[in-house]
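Asks: Got a structure for you, questions after.
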Ligand code: ASP
């Protein structure tokens, strides 16, 4: 069976001067991981590894480079899901870590739970040997300057930015050579969010969903609206009756119509077709074609 890998680096109005970094970032994740997936890596391993690459890339709002919340701190959310058996793990509002998606995988595999938050998630990560970083190691000058420009602006609202200010959640969806599907999403959330705010990303069925029977999805965009529409699960349900592309188009229309939401989805259906849809001005994404060619797109 041919393997499949698609990744995204967030849906927003990516300005000209950041286009190249976004395209390179998503391209690199596919270029490094697609050959390993073809060589036998599982879909679950592939989505974790692809997201790890983008979490380490300061271009994106995930891991290093994440937004600051209203009190100037970084709180990260992440999820990973295995379409074989619906196993899922997630962390929310976790701090001082570069790879929250890997902690999410540990939650899935080495705890009895699905979602750990805040200090408890951090304690779990420490116990499982994750390196705790000084918060400054995740902070970029770009985000510090952006935070300073919005922190006292009474006209700034967290919904506004999806067609204006920076966003750059990352996600990956893969199918391995056994036809198994997996998805993962990782984010710093929205700029100037309240401390403790949890977005769609770590919520099962909102920020990601994977089921071998229907398909797998990773979401990005205005989290409050994505949660209300359980957008990833909604798109998976649609994939039971239509292709990945038709399903994500329909889900993004629903996001707009029912929740006035802005965002984007990537997907793979159970036949291995890709789906891409967004209603923001741009969404960075890359995927591998059957002939081994890598496509990176932003418009
Ligand atoms: N969905 C993320 C959140 O609301 C943000 C994003 O995708 O850019 O936390």
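In the numbering used here, the protein residues as written are 13 to 311. Using N, Cα and C, we set each Cβ at its ideal position, and we do this for glycine too.
1. Report the residue ranges of all beta strand (DSSP E) runs contained in full by the region 114 to 173; include only those spanning at least 3 residues, in chain order.
2. Report whether the distance from the Cβ of residue 279 to the nearest heavy atom of the ligand ASP is below 8 Å.
3. Does the contact criterion of 3 or more C-beta pairs under 8 Å hold for the region 284 to 292 versus the region 260 to 267?
4. So residue 281 packs on residue 251, CB below 8 Å; how close in whole Å?
5. Could you check whether the Cβ of residue 213 sits closer than 8 Å to any heavy atom belonging to the ligand ASP?
6. Where do the ends of the beta strand (DSSP E) carrying residue 309 lie?
7. Let me make sure I understand the geometry here. Which of 110, 180, 301, 152 has the alpha-carbon closest to that of residue 138?
8. Residue 300 and residue 229 - do their beta-carbons sit closer together than 9 Å?
9. In terms of alpha-carbon separation, which member of 247, 253, 303 lies closest to residue 276?
10. Assign residue 73 to buried or exposed, taking buried as 16 or more other Cβ atoms, counted over all protein chains shown, within 10 Å of its Cβ.
11. Would you report the Cα separation of residue 190 and residue 14, rounded to the nearest angstrom?
12. Return helix, strand or coil for residue 244, following the three-state DSSP convention.
13. Less than 9 Å separating the beta-carbons of residue 46 and residue 284?
14. How about residue 73: is its Cβ closer than 8 Å to a heavy atom in the ligand ASP?
15. Classify residue 122 as buried or exposed, calling it buried when 16 or more other Cβ atoms lie within 10 Å of its own Cβ.
16. Please state if the CB of residue 92 and the CB of residue 134 are separated by a distance shorter than 9 Å.
17. Buried or exposed: which applies to residue 152, given that a residue is buried once 16 or more other Cβ atoms fall within 10 Å of its Cβ?
18. State yes or no: is the C-beta of residue 23 nearer than 8 Å to some heavy atom of the ligand ATP?
19. When every heavy atom of the ligand ASP is checked, does at least one fall within less than 8 Å of the C-beta of residue 45?
20. Grab the span of the alpha helix (DSSP H) containing residue 294 for me, first residue to last.
Replies: Reading from the atomic positions:
1. 127 to 129
2. no
3. yes
4. 5 Å
5. yes
6. 306 to 309
7. 110
8. no
9. 247
10. buried
11. 9 Å
12. helix
13. no
14. yes
15. exposed
16. no
17. exposed
18. Because the ligand ATP does not appear in the structure shown, any question about it cannot be addressed here, the ligands present being the ligand ASP.
19. no
20. Unbroken run through residue 294 is the beta strand (DSSP E), 294 to 300; no alpha helix (DSSP H).
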